[in-house]
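Residue numbers for the sequence shown, in mature numbering (1 follows the signal peptide of the UniProt record, and there is no 0): -23 to -1, 1 to 388.
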Amino acid sequence: MRHAARILVFFASLVWTAGPSCTMRVSPRIHQHMTRDEMKLHLGTDDLLGIPEYDVFVPQEVDLMKSDLASSAGCLHDRGCGDGDRRFYSVQLFGTKHLLNLTRDMSVAAAGLRVVGKNGEVAPRTSLDCFFTGEVKDLPGSSVALSTCDGLHGVVVASGEDFVITPLSAGLSHRSRHPRSLDGQAGRPHIVYRRSSQTLDDVSALSEHGLLKDAAAKPLHPRRTKRGAARSNSRNRLSASRRLTIELALFVDRNAWDKVESLHEGSAEERFQWATTYYLSVINTVQLLYNRGSLGHRVQLAVLRLRIIEGNEFATDNNDTEKTLHNFCKWQHTQNHGYNNIMYDLPDDHPEHWDHAVFITGMEMCRPGQSCAIAGMAPVSGMCSEDRSCSLNEDSGLGSAFLLGHEIGHK
């Protein structure tokens, strides 16, 4: 973790990126039919004045052996038509066609990943065979992180921009009367919005009290603060291959989880699995953002625990975000060091010991007597302090990945 402290102080300057462009296309105007929750999932914001530039397209899986396009209706729903660990998808990003060259990558989950669902029940292990990373063919320096479970869900980084892709929810497609095929292409329409991926370098948007929602429109560069003492690392995570592994515990409140489930059709089990994949996709995107810089080390984020938090056990009566963060940090510390209600220190190589805890909430984050414009918050210099290695983040779809990357990275 000593290496993590030195490296992560540099990450935030690379990871936190400018927000979506505010130039909105005249067509399509699907956002006019969206609920606030759908706007957050598909466009990263519920503010009508901050709608990013977006477009709608139908991805197609490409069978390079046959040199034709396979039907996305079957391929994307059934997790691919190809064989082995390789996939190729044709996508149209704002009028320009690109070929995505992908390889299956299940590293987003730790070997001992445990998912604790509603009412504290341990859920069956989620299939990870639909997680892919790769590049855009013929675009040097590009990178891609996608889930292909029931559509494409992830981020394409290319040509100085981040393209955030999500499948159009069935309910939204019906209400907006958007066809299930476009230009004669059979398949499920997807929304893509873009944001600049330039590095930000101004401290003005960051305060000790959290990252503001409008910080996406401002330059941002975290303070460089002295790190706390690092704890021992018996697994020697920084190996000769210069790969740094950071194990995460991801906690999601019921408010956020239910909103995500509500945007997906199917049985209760299918909706639960889709939400699980969704939150793992957020972390998969954070890892992509970390590794797009030339840091000298590769960062591996691995989710060790994913748990739904019932009720508002960390919240305060006046919705004080700082106190909520404080309560969560104390609680996760007891969970990280407690096993079968017996309190003792778990060694760093224990399969249930995490390095950082993330809390994602569907509630607005506020300061008492002030605005509710906070998007994320974390203790300063907390990564190597076990009761302060934690962060609180508002769910904003895959856009949460950009926030999480900052909150974890500036520690």
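Even glycine gets a Cβ: it sits at the ideal position worked out from N, Cα and C.
All figures in this text were calculated on a predicted structure; none of them were measured in a lab.
Tell me the DSSP secondary structure of residue i in three-state form.
i: F140; result: strand
i: E287; result: coil
i: T22; result: coil
i: F228; result: strand
i: A182; result: Residue placement at A182 cannot be trusted, given a pLDDT of 38 that sits under 50; the coordinates are not used to answer.
i: D82; result: coil
i: R13; result: helix
i: G382; result: helix
i: K337; result: In the sequence as presented, Lys is not what sits at residue 337; that position holds Ile. Residue state, collapsed to three classes: strand.
i: H167; result: strand
i: S366; result: coil
i: I223; result: strand
i: G97; result: helix
i: A355; result: coil
i: A279; result: strand
i: L375; result: strand
i: L41; result: coil
i: C343; result: strand
i: L257; result: helix
i: D235; result: helix
i: S48; result: Since pLDDT at S48 reaches only 44, below the 50 mark, its modelled position is unreliable, and the value read off the structure follows with that caveat. In this structure, S48 counts as coil in the three-state DSSP scheme.
i: V33; result: strand
i: H303; result: helix
i: A88; result: strand
i: H8; result: helix
i: L240; result: coil
i: F71; result: coil
i: R248; result: helix
Give me, in chain order, the residues of the same chain whose beta-carbon lies closer than 6 Å to that of residue i; leave out the 5 immediate sequence neighbours on both sides.
i: P356; result: R365
i: R336; result: For clarity, residue 336 is Phe in the given sequence; the question names Arg instead. Excluding sequence neighbours, F336 sits near F228, F305 and L369.
i: Q264; result: L278
i: A147; result: E242
i: L283; result: V92 and L227
i: S373; result: K17 and G21
i: F71; result: D32
i: Q309; result: A334 and C367
i: E15; result: L149
i: M340; result: N232
i: K236; result: D14 and G339
i: residue 396; result: Beyond the ends of the chain as shown, which are -23 and 388, falls residue 396; an answer cannot be given.
i: E238; result: R248 and A252
i: F291; result: T301, N304 and F305
Taking C-alpha atoms, which residue in the options lies nearest to residue i?
i: T80; options: S124, W331 and F379; result: S124
i: H130; options: G137, L149, S119 and T110; result: T110
i: G288; options: V276, R231 and T311; result: R231
i: R275; options: Q309, K236, R220 and R282; result: R220
i: Q69; options: R63, V113 and I385; result: V113
i: T298; options: K236, L266 and C343; result: C343
i: G61; options: D139, V141 and D82; result: D82
i: V99; options: E246, D106, F291 and A292; result: E246
i: D115; options: D139, H75, G89 and G97; result: H75
i: L41; options: F291, S67 and D24; result: S67
i: F108; options: V132, P101 and E371; result: V132
i: L105; options: E384, Y256, G137 and E238; result: Y256
i: L145; options: G137, E384 and I168; result: I168
i: L77; options: L90, D24, G97 and F140; result: F140
i: H151; options: E384, E290 and L240; result: L240
Is residue i near residue j, with beta carbons less than 8 Å apart?
i: D127; j: W234; result: no
i: V280; j: A87; result: yes
i: T143; j: L375; result: yes
i: I286; j: K95; result: no
i: N261; j: V85; result: yes
i: L380; j: A352; result: yes
i: V39; j: F65; result: yes
i: P117; j: V33; result: no
i: A122; j: V259; result: no
i: G164; j: Q312; result: no
Residues in its own chain within less than 7 Å of residue i by CB, not counting five upstream and five downstream?
i: S153; result: I7 and H10
i: S120; result: E112, V134, L265 and R269
i: T253; result: V92, T103 and L283
i: C349; result: E341, M342 and C343
i: K307; result: D364
Report all residues from its chain with a CB closer than 8 Å to the CB of residue i; omit the five preceding and five following residues, and keep chain order.
i: T73; result: none
Continuous beta strand (DSSP E) assignments of at least 3 residues falling wholly in the region 99 to 151 = 108 to 113, 120 to 124, 130 to 135 and 138 to 144
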